[in-house]
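Counted the way this note's numbering counts, the sequence shown spans residues 1336 to 1373.
Heads up, the beta-carbon is just placed ideally off N, CA and C, and yes, glycines get one too.
This structure is a prediction, so every number in the text was calculated from the model and none was measured.
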Amino acid sequence: FELAWGFLCRTKASVLKALSVLSDLILMLEERSLNVPN
């Protein structure tokens, strides 16, 4: 059970890190699209 719990915690941490990276990328893309005149 402890092994599964540790695996869950690591997976949760990696997912949270990926989500934060994705949100940063989305913010950068939104700023870039705003800066480009349409």
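Between the alpha carbons of residue i and residue j, how many angstroms are there, rounded?
i: I1361; j: L1369; result: 12 Å
i: M1356; j: E1365; result: Note that residue 1356 is Val in the sequence shown, not Met. So the two alpha carbons sit approximately 14 Å from each other.
i: C1344; j: V1371; result: 41 Å
i: S1349; j: M1363; result: 21 Å
i: K1347; j: E1337; result: 15 Å
i: S1358; j: A1339; result: 28 Å
i: L1354; j: R1367; result: 20 Å
i: K1352; j: F1342; result: 15 Å
Is there a Cβ from chain C that is less than 7 Å from the Cβ of residue i?
i: W1340; result: In summary, chain C is missing from the structure at hand, where a single protein chain is found.
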